[in-house]
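Q:
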Amino acid sequence: MTAPLLTMTGIQKSFLGVRVLHGVDLTVRPGEVHALVGENGAGKSTLMKILAGVYTADAGTVTLDGEPVRFGHPAAAQRAGVSTVFQEFNLLPDRTVAENVYLGREPRRRGMVDRRRMVADTRRLLEDLGVTGLSARARVRNLSVAEQQIVEIVKAMSHDARIISMDEPTAALAGREVALLYRLIERLKQLGVAVLYVSHRLKEIFDLCDRVTVLKDGALVDTSDTADLTTDDLVRKMVGRSITGFFPPKLPGTALGDVRLRVTGGGNTQLDGVDLSVRSGEIVGFAGLQGSGRTELAHALFGIAPFTVGRVEVDGEGARIRSPRQAVRYGIGLVTEDRKTQGLALNQSIAANARLVLDAVRPRSAGRAAKAVPGLLSSLELVARGHDQEVRFLSGGNQQKVVLAKWLVIEPRVMILDEPTRGIDVGAKHAVYTLIRELAAAGMAILLISSELSEVIGMADRIVVMRDGVISGELDAARLPADTAEETIMALATGQNTGAAR
Amino acid sequence: MKPTSSTATARRAPLSTTTVVYLALLGILLVGGIVVAATGDTLFSNANLVDMLTRSSLLGFIAIGQTLVILCRSLDLSVGYVVALSSLVAATTMDGDPARIPLAMAAALGVAAVIGLVNGLVVTKLKVNAFIATLGVGLIVKGYLDTWYAGPAGEVAPAFQAFGYTRIGPLPLSAIVMVALAGAGIWFLHYTRTGHHMFAVGGDTDVARMSGVRTDRTVIVAHILCAVAAGVAGLLIASRFGTGSALVYDDGYDLESIAAVVLGGTYLLGGRGGIGGTLGGVFILATLDTVFNVLSVDPFIKDVLRGVIIIAAVAIYARRRLTRKPDRFGGHVDPPPRPAPGDGAEAAHVKGGVA
Amino acid sequence: DDQADTGDDQTSAEGDWFVQEDFDRQLAQRDVTPEGSADEPWLQAIEPEWVDTAAFAKEGGDATVCFSNASVSNPWRVTGWITMQQQVEVLQESGDIGEFRVSDAADDDNQQISDIQAFVDAGDCDTIIISPSTTATLTPAVQAACDSGVPVIVFDRGVNTDCAVTFIHPIGGYAYGADGAEFLVDNLEPGSTVLALRILPGVDVLENRWAAAEQIFNDSELDVLGFEFTEGDGATIKDIVTQYLQRGDVDGIWMDAGDGAVAALEAFEDAGKPYPVMVGEDELSFLRKWKETGITAIAPVYSNFQWRTPILAAVKILNGEEVPSEWVLPQDPITDADLDEYLERNADMPSLHYAKFGGEDLPGFPDAWQDR
Amino acid sequence: MRTTVSGITSRILSSNATVFVLLAVIFAVVFALNPGFAEPMSLMAFVKKAAPLILLAIGQYFVIVSGEFDLSVGSLVGAQVVIAALLIDGNESATLPVILLMFAGGIVVGLVNGLVTTLLKVPSIITTLGTMLVLYGAIRWLTGGAPTGSLSTAFRAAGRQGVDDVPLIGQLPWALLIVLVVGVGAVFLMRSPWGRTLIAVGDNDQAARFAGARVWWVKTAAFTLSGFLATGAGILIGGYAGVTAQVGEGMEFTAITAVVLGGVVLGGGRGWVVAAMAGALTVEALFTLFNQLSVPSTVRPAAQGLIIIAAVAYAAIDRARRARTVTETHPTPRHTDVATP
Ligand SMILES: Nc1ncnc2c1ncn2[C@@H]1O[C@H](COP(=O)(O)OP(=O)(O)OP(=O)(O)O)[C@@H](O)[C@H]1O
Ligand SMILES: Nc1ncnc2c1ncn2[C@@H]1O[C@H](COP(=O)(O)OP(=O)(O)OP(=O)(O)O)[C@@H](O)[C@H]1O
Ligand SMILES: O[C@@H]1[C@@H](O)[C@H](O)OC[C@H]1O
Ligand SMILES: [Mg+2]
Ligand SMILES: [Mg+2]
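Residue numbers (the numbering used here), protein chains in the order written: chain A, 445 to 946; chain B, 85 to 439; chain C, 6 to 377; chain D, 29 to 369.
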């Protein structure tokens, strides 16, 4: 066994007095692909950012080649051969591929930036990684998400990296593009580069990784060879309990009523042939890979990027929804997948955010209707100093509750939840699930988009699977055999016929 | 490996913004030429050409500098005051003595650089919004000017007047210097790290910082260069006036230079654009002025037309939609949601892999 | 040096803008009887030195007259500009002038330099009239225009070169400033307080006015409370005067231009204070207020009719007739004695019109000045 | 929301208090230098002078808090006064129709600014720079370069007159009443659904749009209010001092400065309209202070520049500090799952 390239020992980190990493250990060997897995909020990204020099650890040591290191800035880590592809995109859309790759370290010749060399080097890096057809001079804005991902990896490689950490690199990739990433990683391995790989997709872990480290609630569970693990083992390590028991049962009295929302032949530039119906009291789950078009579907229904063909009906009546405002008028609510940029006015108070829809769409009755806000917030168990606190000071789970309150106060007929539990912790999640059950019981039609398969399986009455902008299948949750549910869905989502996950 | 990207080149925007700016310039030259011809004159006479180029020089210097700060997502409203101050510093330092020309130039540009430095520091370190910061610094300089220079002061050496009055062939020297400075600016943005970093800082400060760019330093440098460019404009003023003058600060160069930059296609929120476009923007404004002049348009109507044309031009740029996520399904545009230029081209691209 | 209004001598003891010699000469010129008919003050000249212009004579009339105007950015210039256009019309009718080509620099010196250059480059101006924006800064451009061989006429503000065939102007800023200051000295008790309101610093015609006034106040027993720049803005003027009144009495007001004189008087009204002894200008708003309130006042005049003279001079020059090399026009303040006369003559004129505009005999009178 | 006095006090204390402190300090110094200034009559004179800027600042506040700029208000004020003089020309009976026409004109200018900015996507700094040029040129073209005509006595009443023979203060200026009414109106407007939506739009226009707000309309309404209030400012300033050619010039920058001094953040989403009004008062008080201190006219811009930079820098740094303490003293949340910026 080779000497470890990287060791992290006893890493601790707190934010605002809350410890999120409790002494984590991690070793990475040269040329290995090492998976880092765990639930949302387990601390994966935090650990990676400490390695990358974005955060400094409160305690613990990092050694590289046996030498203790301490990176104060990402640039310092990169100089030492530690590169990171962050969870959020880190590129300048208006600059070229080459300019992005060499940002901050543009090669110079006689004091001048050597553009030719920059392009040539980028091209060589692309070739080294076996990427063809991606121009070093192309503007990043014009690239697909997958191509942008490649640029990020090339940028990481350009530092002569010996270890690259990738935080959910496939999060934005569709099935075919994941294959490209597989090839890239294969290639990195050949080049002797170690890869620290974070993903929620277990299939990838087994396909790609040599070893896997599991984090739970900021603590190390253990590290083992993937070859010695089954999917079940891994899930148990991550979650620590049976997934099914985690989701609250359907409330008594929940009844499937009439069809509240119906789409026939819906399509636009991103979607095609969408046929869909959701009944009152029903929870329809939407599964699919990132980029499969679930958010676009939500946006189409909500009038953000409306359907250009097809027909939408709400409670049996044809609905022409061309803007979010009209959607709200039809009694549709949308909890967006990105709270911060789409869901909240961060500098405004909790109360102001909670009554935003009322203020914007129903100004006349807003004052009266807003009287319900405090009660609603307390029933959601919001934790805050007071309702005049600005929402930017709230934790993510509490922020999400404010978003929910904003919609609940208008008592919508149809509620679209796009990744409603993204980035919120286990306790908050449970509260959200309970709430969803209550809404269904109250007769709302619910569309639940989630990338966490367990969530979809655990909550939905019916599961719609999407792939590349079309609905590739529909499953009745009650009839899904528990042990092969995930495989069935994944097969529909990826278009592969074989049971993909092990 | 067959990535999805064989189309990356095909998908590139059809026309760069700079091209559009120069097309607009061409259009205005054409329309202006025809209108002028209709009145029995010619726009493309030597005299008018010289006039056009001369008019563009002063604004050109200022707008070149303004481009740099705007690229960094900042702004400089103090340029008019810097022009005035540097013209005075140059003229009073020179005091008619040709031997003191280099000293005077250095002093003028040095003082300009100091003001730029102050602007940069107030914006980055004191975190004052650039609009207020540079407005405030401008007021401070104005106070100094009004207190210490009641009227024109100093005298430039006769040789120095060459900068403002000499022509090489039909070309005014000042215009040649201005275009050369623009060239230097373009070179700077293309071939220096700091230049590259200006795009990065303006595009996304966090990305720049994460990539190891010293963001504050970059913004400060942009402000210094902007002020120095305004300082060069001050030198041109001094050479044309034969003296230094405080009152030039009232001539509206601050807002006009911003308009020229935006007309040149640089994005007001930073990160996108360049000096080539700005030069086009400056020429557009100069052409308008010359056409108005040849046509003897009432000076007040000039302002009206200028206002309308600036808004219209920027509106046209804004309509040029940025390339976004490629379409998956091209056929579904029967009632197009909102016809925008570029839609057709993009709709033609159908992403493969479905069915 | 016979250029009266220039401020190039900065070494005098009294400050940048005071030149004793010019001060003395201008004050004396007020008492000189000008040559020429008093019915046409715009053709009168004080102590002229005639120059021969035969070299510029042009056959056949129809001359192209080019005019580079600093701006029409204040009421004084607006009034004069109308007068000038009316004068041009007369001469176009008579066939003396063909094309009248104008560029307006909107108070931008650099723009005006370009404008003059454009005239020179165009090569077809028979004469170039220049109303310079700023004395010192326009000098090189005017010099270049002279060097091109075209006869150049400068009026209003001067330049630091006497290359122009003629430089037309009223007596000047010192005389203007002195008229008001002397009036205050004569009409106020010693020890009275005076507030000076100025438009903006750095413009020589205006600086000279203040320099003369300051000189006279220094030699008097008046107490000058201070001077303030107002940019000619009524609200600023009213506010500043109001504040001075809150601190104490103001017995006299001296202004370097009459814009906003009414606002200054209103400040006294609104504060319930007695009117001051007032220096305004021959702007009708002020003259009317003067009449209405019966205050003790004077209206110094910076003869607006001078806008006719350059056009007439151009025709003279192109006819080869001689003109004064420095054409000093009379500049008599309006006093209590002739207030009524000027009010009557301008009864239908707008309030921002200048009483001594001298266009009553032009065919466009009065419409051209009334509905501009 | 509480409307009580204590509510307002706590709002003053919790909002960025810089401007209120600055205002108090300036007044204290002015009173100390010249106790006469504290007399009701002097204060009322001050109010008359300050009123137009306060109206402009309120209008500018709406625009700035929605994330935009309005550079056209100075020109608009000038245009309004000049048009009023042109149309009224001393004819008392024309007063009311002309005032109505002015308001219509102001609203149209605001609408154009708003629609060009929101629908044509022209950055508002360019849009309003354009309208500034257009108004400036059009008005001078219309009048040949300098104002003609004159204002009626009735027109001038709002800016110059008041309710006479009020005990203690003598005259209660109409301008004060107008500012109070508009100010109270603005406070209520900002508490109304529209006001809340406006500030949310300035904070995050995408979130506001996704909540069903018509962003284009909300912003356009803000520009329209700005045009409307600039008209009001024009009526007050024309009333206060009559017509001069320079009226309004540069007031856009003074108004923006006032709003920013009031702690309203350029870029939108933050700030209190009362603080913006206090900012306008502070700017005017500063001019008064300079006068009382006999600061030479020429030095004043420099002092003004320094004070503005200092106040805004202090507020920016103070805000950053507050953000930190608020987070630190925040009771440990049960769920701490997401990064706080
Ligand atoms: N190239 C792109 N440029 C800009 N936005 C994009 C691009 N690709 C995707 N998006 C946006 O990202 C979001 C995800 O898109 P999509 O609907 O295809 O994925 P999804 O199945 O909902 O997956 P996810 O779980 O990531 O939301 C959408 O808001 C979409 O508009
Ligand atoms: N800057 C920050 N300030 C405060 N809390 C933070 C910050 N960054 C992360 N946290 C918290 O630290 C915990 C770990 O977050 P981290 O992003 O590392 O999780 P993760 O394992 O990457 O989750 P995911 O799978 O959702 O990406 C979370 O509770 C998160 O809310
Ligand atoms: O233009 C100037 C005018 O404003 C002033 O009143 O008198 C002198 C002129 O030069
Ligand atoms: Mg993460
Ligand atoms: Mg999604």
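All residues carry an ideal CB built from backbone N, CA and C; glycine is no exception.
Identify the contact partners of residue 811/A in chain B, using a Cβ-Cβ distance below 9 Å as the criterion.
A: As a position in the first sequence, residue 811/A is number 367, starting the count at 1. Those within 9 Å of residue 811/A in chain B number zero; the least Cβ separation is about 34 Å.
Q: Pick helix, strand or coil for residue 367/B, following the three-state DSSP scheme.
A: The count along the second sequence starts at 1 and reaches residue 367/B at position 283. Helix.
Q: Note down, in chain order, all residues in the region 710-722 of chain A with a beta-carbon under 8 Å from any beta-carbon belonging to chain B.
A: The region 710-722 of chain A vs chain B, Cβ under 8 Å: 711, 712, 713, 714, 715, 716.
Q: Under 9 Å Cβ-Cβ, which residues of chain D neighbour residue 356/B?
A: Along the second sequence, one-based indexing puts residue 356/B at 272. Within 9 Å Cβ-Cβ: nothing; residue 356/B doesn't reach chain D, min ~13 Å.
Q: Where does residue 102/C land, buried or exposed, given buried means 16+ other C-beta within 10 angstroms?
A: Taking the third sequence and counting its residues from 1, one reaches residue 102/C at position 97. That one is buried.
Q: Looking at chain A, is there any beta carbon in it that lies within less than 8 Å of the beta carbon of residue 346/D?
A: What you label residue 346/D is simply residue 318 of the fourth sequence in a count that begins at 1. Judged by the 8 Å Cβ criterion, residue 346/D is not in contact with chain A.
Q: Compute the beta-carbon to beta-carbon distance between residue 386/C and residue 269/D, rounded to the nearest angstrom, for a pair I have assumed lies under 8 Å.
A: Coverage of chain C is limited to positions 6 through 377, which leaves residue 386/C absent and any answer about it impossible.
Q: Cα separation between residue 280/C and residue 198/C?
A: Counted from its first residue, the third sequence places residue 280/C at position 275. Counted from its first residue, the third sequence places residue 198/C at position 193. Taking the straight line joining both Cα atoms gives about 13 Å.
Q: Going by DSSP, what residues sit across from residue 80/C in a beta bridge?
A: By 1-based counting over the third sequence, the position of residue 80/C is 75. Partner(s): none; residue 80/C has no beta bridge.
Q: Mind pulling the chain D residues with CB within less than 7 Å of residue 99/C?
A: Taking the third sequence and counting its residues from 1, one reaches residue 99/C at position 94. What residue 99/C touches in chain D: nothing, since even the nearest Cβ is about 25 Å away.
Q: Would you say residue 122/C reaches chain B, if we count a Cβ-Cβ gap shorter than 8 Å as a contact?
A: As a first step, residue 122/C must be located in the third sequence, where it is residue number 117. Yes, residue 122/C counts as interfacial toward chain B.
Q: Does the region 227-243 of chain D come into contact with the region 71-85 of chain D, if we say contact requires no fewer than three beta-carbon pairs (one atom in each stretch) closer than 8 Å?
A: Too few Cβ pairs lie closer than 8 Å, so no.
Q: Just to confirm the assignment, what range does the beta strand (DSSP E) spanning residue 332/C have?
A: Looking up residue 332/C in the third sequence gives position 327. Counting along the chain, the beta strand (DSSP E) containing residue 332/C begins and ends at 331-334.
Q: Could you tell me which chain D residues have their CB closer than 9 Å to the CB of residue 247/C, listed as they occur along the chain?
A: Position 242 of the third sequence holds residue 247/C. What residue 247/C touches in chain D: 70, 73, 74, 76, 77.
Q: For residue 264/C, tell me which candidate among 21/C, 307/C, 276/C has the shortest Cα-Cα distance.
A: Here residue 264/C refers to the residue found at position 259 when the third sequence is read from its first residue. Among 21/C, 307/C, 276/C, the Cα nearest to that of residue 264/C belongs to 307/C.
Q: Using the C-alpha atoms, what's the distance from residue 782/A back to residue 677/A?
A: Here residue 677/A corresponds to residue number 233 of the first sequence, with the count starting at 1. Here residue 782/A corresponds to residue number 338 of the first sequence, with the count starting at 1. Roughly 32 Å separates the two Cα atoms.
Q: Does the beta carbon of residue 137/C sit closer than 8 Å to a beta carbon anywhere in chain B?
A: Position 132 of the third sequence, counted from the start, is the residue given in the question as residue 137/C. Judged by the 8 Å Cβ criterion, residue 137/C is not in contact with chain B.
Q: Between the region 370-393 of chain B and chain D, which residues of the former have a C-beta closer than 7 Å to a C-beta of the latter?
A: Within the region 370-393 of chain B, the residues whose Cβ lies closer than 7 Å to some Cβ of chain D are 382, 384, 385, 386, 387, 388, 390, 391, 392, listed in chain order.
Q: Any C-beta of chain D within less than 9 Å: which residues of the region 218-239 of chain B qualify?
A: Of all residues in the region 218-239 of chain B, 219, 220, 221, 222, 223, 224, 225, 226, 227, 228, 229, 230, 231, 232, 234 have a Cβ within less than 9 Å of some Cβ in chain D.
Q: Determine the contact status of residue 150/B and residue 345/B, defining contact as a CB-CB distance below 8 Å.
A: For this step, residue 150/B is matched to residue 66 along the second sequence. For this step, residue 345/B is matched to residue 261 along the second sequence. The answer is yes: Cβ separation under 8 Å.
Q: For chain D, is any of its Cβ atoms less than 8 Å away from the one on residue 216/B?
A: Here residue 216/B corresponds to residue number 132 of the second sequence, with the count starting at 1. Yes, because at least one Cβ of chain D sits closer than 8 Å to the Cβ of residue 216/B.
Q: Quick check on the burial criterion: 16 or more other C-beta atoms within 10 angstroms. Buried or exposed for residue 42/C?
A: To locate residue 42/C, count along the third sequence from 1; it is residue 37. Flag for residue 42/C reads exposed.
Q: Locate the alpha helix (DSSP H) running through residue 294/B, then write down its first and last residues.
A: Taking the second sequence and counting its residues from 1, the one referred to as residue 294/B is at position 210. Its alpha helix (DSSP H) spans residues 289-294.
Q: Which residue or residues does DSSP assign as beta-bridge partners of residue 40/C?
A: On the third sequence, position 35 is the one that residue 40/C refers to. Partner(s): 50/C.
Q: Give the interface partners of residue 399/B over in chain D, defined as CB-CB distance under 8 Å, in chain order.
A: Start at 1 with the first residue of the second sequence, and residue 399/B comes out as number 315. Per Cβ cutoff of 8 Å: 144, 148, 149, 150.
Q: If the cut is a Cβ gap below 8 Å, which residues of chain C does residue 326/B touch?
A: In the second sequence, counting from the first residue as 1, residue 326/B sits at position 242. Within 8 Å Cβ-Cβ: 141, 142, 144, 145.
Q: Output the distance between the C-alpha atoms of residue 540/A and residue 920/A, rounded to the nearest integer angstrom.
A: Working through the first sequence from its first residue, we reach residue 540/A at position 96. Working through the first sequence from its first residue, we reach residue 920/A at position 476. Roughly 47 Å separates the two Cα atoms.
Q: Between residue 144/B and residue 262/B, which are expected to be in contact by the criterion C-beta below 8 Å, what is the C-beta distance as a whole number of angstroms?
A: What you label residue 144/B is simply residue 60 of the second sequence in a count that begins at 1. What you label residue 262/B is simply residue 178 of the second sequence in a count that begins at 1. Rounded, the Cβ-Cβ distance is 4 Å, consistent with contact.
Q: Against chain A, does residue 80/D count as a neighbour if the rule is that its beta carbon must be under 8 Å from one of theirs?
A: To locate residue 80/D, count along the fourth sequence from 1; it is residue 52. Chain A contact via Cβ: absent.
Q: Does residue 161/C have its Cβ less than 8 Å from a Cβ in chain D?
A: As a working note, residue 161/C is residue 156 in the third sequence. No, residue 161/C does not count as interfacial toward chain D.
Q: According to a CB-to-CB cut-off of less than 8 Å, which residues of the region 282-304 of chain B neighbour chain A?
A: Taking 8 Å as the Cβ-Cβ cut-off against chain A, the residues of the region 282-304 of chain B that qualify are 283, 284, 287, 288, 291, 292, 294, 295, 296, 297.
Q: Measuring straight from C-alpha to C-alpha, what distance separates residue 688/A and residue 521/A?
A: Counting from one through the first sequence, the residue named residue 688/A turns up at place 244. Counting from one through the first sequence, the residue named residue 521/A turns up at place 77. Because the pLDDT at residue 688/A is just 45, under 50, the model does not fix this residue reliably, and the point stays unresolved.
Q: Run through the DSSP bridge pairs and tell me what residue 122/C is partnered with.
A: Here the question's residue 122/C lines up with position 117 in the third sequence. Residue 122/C is not bridged to any residue.
Q: Would residue 184/D and residue 267/D be called neighbours here (beta carbons separated by less than 8 Å)?
A: Translated into the one-based positions of the fourth sequence, residue 184/D becomes position 156. Translated into the one-based positions of the fourth sequence, residue 267/D becomes position 239. For residue 184/D and residue 267/D, yes; Cβs fall inside 8 Å.
Q: How would you write the range of the alpha helix (DSSP H) that residue 749/A sits in, first residue to last?
A: Counting from one through the first sequence, the residue named residue 749/A turns up at place 305. Per DSSP, residue 749/A belongs to no alpha helix (DSSP H) and is neither H nor E.
Q: Please classify residue 515/A: does DSSP put it in a helix, a strand, or coil?
A: Taking the first sequence and counting its residues from 1, the one referred to as residue 515/A is at position 71. Residue 515/A falls in the coil class under three-state DSSP.
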